[in-house]
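Student:
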Amino acid sequence: IRPGNDNDFQIRNPSDILATFEQTTQTFKLLLAGIAAVSLVVGGIGIMNIMLVSVTERTREIGVRKALGATPNNILFQFLVEALVLCLVGGILGIVFGSLGAVLLSKVAGWNTLISPLSVILSFFFSALVGLFFGIWPARRAASLDPIDALRYE
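So the sequence shown is numbered by the working numbering: it starts at 1 and just counts up by one.
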């Protein structure tokens with residue numbers, strides 16, 4: 001460096017660069033996990049709303065079933081299964097489209113993509129848990145309907 005010139009260079013330690021990269025990666029993972037959690041809750045609330053509308057629209061049907069001898073557990077089970085099936089179909093579609101998107105993106109970007117079978121299985125079971133969790137309230141509401149009031153419902 002000539003006398004009077006500014007120092008226009010930096011010395012970087014590779015371990016500092018690696019630490020910054022790891023911190024950025026960790027922050028990105030947390031951000032993606034937060035976005036996924038919010039999406040999951042919003043999707044679950046959507047499932048719950050769909051099931052509540054289904055209960056409201058099928059109030060007379062529930063009343064007829066109860067009048068013919070269906071127990072509250074039968075009604076509860078029916079609506080839980082419907083919520084479960086709805087979430088599992090969504091989960092399967094999410095797994096398929098997510099995997100296809102990852103494979104296509106990796107081909108375009110020239111990356112190697114590994115889709116773990118464990119993550120696919122966990123996604124499937126997690127979508128089932130979301131269906132059961134967000135389907136409980138509508139199912140209990142359907143199961144607790146009074147048959148006489150349900151038959152009178154317009």
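Here a beta-carbon is modelled for each residue, glycine too, at the ideal position from N, C-alpha and C.
Report buried or exposed for I47, applying the criterion of at least 16 other Cβ atoms within 10 angstroms of its Cβ.
Tutor: Buried: at least 16 other Cβ atoms inside 10 Å.
Student: With 16 other CB atoms within 10 Å as the buried threshold, where does G69 fall?
Tutor: With fewer than 16 other Cβ atoms within 10 Å, it is exposed.
Student: Going by alpha carbons, who is nearest to L151 out of V81, I35, T59, L40?
Tutor: Out of V81, I35, T59, L40, T59 has the C-alpha closest to the C-alpha of L151.
Student: Cα-Cα, which of Y153, T24, A36 is closest to G94?
Tutor: Nearest C-alpha to G94: A36.
Student: Buried or exposed, going by whether 16 or more other CB atoms sit within 10 Å of the CB of P14?
Tutor: With fewer than 16 other Cβ atoms within 10 Å, it is exposed.
Student: Which residues in the same chain as A139 place their Cβ atom closer than 6 angstroms to its Cβ, once the five residues preceding and following it in sequence are excluded?
Tutor: Taken in chain order, the residues that qualify are L76, F79, L80.
Student: For a test of the three-state rule: what should DSSP assign to S127, helix, strand or coil?
Tutor: Looking at S127 - three-state DSSP - the assignment turns out to be helix.
Student: Which of helix, strand or coil does DSSP assign to A70?
Tutor: Coil.
Student: Tell me which residues share the same chain as G34 and place their Cβ nearer than 7 angstroms to its Cβ, disregarding the 5 neighbours each side in the sequence.
Tutor: If we look at G34 and ignore the five residues flanking it on each side, it has no Cβ neighbours.
Student: Is the beta carbon of I115 sitting closer than 9 angstroms to the one on V103?
Tutor: For I115 and V103, yes; Cβs fall inside 9 angstroms.
Student: What does the Cβ neighbour count give for G110, buried or exposed, with the cut at 16 atoms within 10 Å?
Tutor: G110 is exposed by the Cβ-count criterion.
Student: Assuming I83 and F134 are in contact, meaning their beta carbons sit under 8 angstroms apart, how far apart are those beta carbons, in whole angstroms?
Tutor: According to the sequence provided, residue 83 is Ala. The question's Ile does not apply to it. Confirmed, about 7 angstroms.
Student: Could you tell me the boundaries of the alpha helix (DSSP H) in which S116 lies?
Tutor: Per DSSP, S116 belongs to no alpha helix (DSSP H) and is neither H nor E.
Student: CB-CB under 6 angstroms to R141, same chain, minus the five flanking residues each way: which ones, in chain order?
Tutor: So the list reads V55, once near-sequence residues are dropped.
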